[in-house]
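Enquirer:
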Amino acid sequence: RKEVEQDPGPFNVPEGATVAFNCTYSNSASQSFFWYRQDCRKEPKLLMSVYSSGNEDGRFTAQLNRASQYISLLIRDSKLSDSATYLCVVNVGRAGNMLTFGGGTRLMVKP
Amino acid sequence: SAVISQKPSRDICQRGTSLTIQCQVDSQVTMMFWYRQQPGQSLTLIATANQGSEATYESGFVIDKFPISRPNLTFSTLTVSNMSPEDSSIYLCSVEDGAPSRYYGYTFGSGTRLTVV
Chain S
28 RKEVEQDPGP
38 FNVPEGATVA
48 FNCTYSNSAS
58 QSFFWYRQDC
68 RKEPKLLMSV
78 YSSGNEDGRF
88 TAQLNRASQY
98 ISLLIRDSKL
108 SDSATYLCVV
118 NVGRAGNMLT
128 FGGGTRLMVK
138 P
Chain L
22 SAVISQKPSR
32 DICQRGTSLT
42 IQCQVDSQVT
52 MMFWYRQQPG
62 QSLTLIATAN
72 QGSEATYESG
82 FVIDKFPISR
92 PNLTFSTLTV
102 SNMSPEDSSI
112 YLCSVEDGAP
122 SRYYGYTFGS
132 GTRLTVV
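Taken in order, these protein sequences are the chains called S and L. 28 is the number of the first residue of the first sequence in the working numbering; add one for each residue after it. 22 is the number of the first residue of the second sequence in the working numbering; add one for each residue after it.
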């Protein structure tokens, strides 16, 4: 079983749709959680951290369920520019070398 | 957040040769991380580079194949040695972004796309 699992997609959605991605992690000692966005042929960029109480940043909402060990990302009112691969990233410890990346979920928003 | 300059952005190399990738950060950072992203895959950590000490390698990666230098707090190099086509990949460096809370993120260099022929 992979340490961080994501549905690879692709998720094909029309503009304006709401789409949700889930991610599960296996290490119960995981301490911090992130969603990164990676455009084709580009480096990953931090989209948002995931707080225990859930957090929202504009059209993006992240949720954490520690009991079930899963993280979610909700995107409302999808834009064409949201098309990318979304990486779920889990940090077991505080140091960066404890980062584990999910395989990514590909989103394609169509007109 | 930190700004990282990574070079080269891409290269095509002959098997058996070596390539050195450089990352320059615009601020001093304690740890720098080197990742590999194989085609269609997610990121895998190669090693952690600390200034003044030897790099720490993850399982499956060895110093002879991926020597790393960290001469100061803003710079690091990764060398891919004695390359084979299996080394064709994107190599990325990363640093931790300082933040007031523990929910910090990590910034990545723009990546080096390596093709070994």
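For each residue, glycine too, the CB sits at the ideal point set by N, CA and C.
#1: In whole angstroms, what is the alpha-carbon distance linking L/P106 and S/D104?
#2: Assuming S/T127 and S/V117 are in contact, meaning their beta carbons sit under 8 Å apart, how far apart are those beta carbons, in whole angstroms?
#3: Please state the DSSP three-state secondary structure of S/M125.
#4: Nearest to S/W62 by alpha carbon, out of S/S53, S/L73, S/A56, S/N54?
#5: Against chain L, does S/E70 count as a neighbour if the rule is that its beta carbon must be under 8 Å from one of theirs?
#6: Throw me the rounded Cβ distance for the L/T100 and L/P88 pair, which I believe falls under 8 Å.
#7: Could you please tell me which residues of the region 74 to 102 of chain S, in chain order, have their CB closer than 7 Å to any CB of chain L?
#8: Considering only residues of the region 38 to 123 of chain S, which uninterrupted beta strand (DSSP E) runs meet the minimum length of 3 residues and lie entirely inside it, listed in chain order?
#9: Rounded to a whole number of angstroms, what is the C-alpha to C-alpha distance between S/C55 and S/D109?
Expert: Result, derived from the coordinates:
#1: Numbered from its first residue, the second sequence carries residue 106 of chain L at position 85. Numbered from its first residue, the first sequence carries residue 104 of chain S at position 77. The alpha-carbon atoms of L/P106 and S/D104 are separated by roughly 43 Å.
#2: Taking the first sequence and counting its residues from 1, the one referred to as residue 127 of chain S is at position 100. Taking the first sequence and counting its residues from 1, the one referred to as residue 117 of chain S is at position 90. Going by Cβ atoms, the distance from S/T127 to S/V117 rounds to 5 Å, so yes, they are a contact pair.
#3: One-based indexing of the first sequence puts residue 125 of chain S at position 98. Looking at S/M125 - three-state DSSP - the assignment turns out to be helix.
#4: Locating residue 62 of chain S in the first sequence gives position 35, where the first residue counts as 1. The candidate whose alpha carbon is nearest that of S/W62 is S/L73.
#5: Walking along the first sequence from the start, residue 70 of chain S turns up at place 43. Chain L contact via Cβ: present.
#6: Working through the second sequence from its first residue, we reach residue 100 of chain L at position 79. Working through the second sequence from its first residue, we reach residue 88 of chain L at position 67. Yes, they are in contact, since the Cβ atoms of L/T100 and L/P88 sit about 5 Å apart, within 8 Å.
#7: Answer set for the region 74 to 102 of chain S: S76, Y78.
#8: Within the region 38 to 123 of chain S, the complete beta strand (DSSP E) runs of at least 3 residues are 38 to 41, 46 to 52, 59 to 65, 72 to 77, 82 to 84, 87 to 92, 97 to 102, 111 to 118.
#9: The residue labelled residue 55 of chain S in the question sits at position 28 within the first sequence. The residue labelled residue 109 of chain S in the question sits at position 82 within the first sequence. Note that residue 55 of chain S corresponds to Ser in the displayed sequence, not to Cys. Looking at the two C-alpha atoms, the distance is approximately 30 Å.
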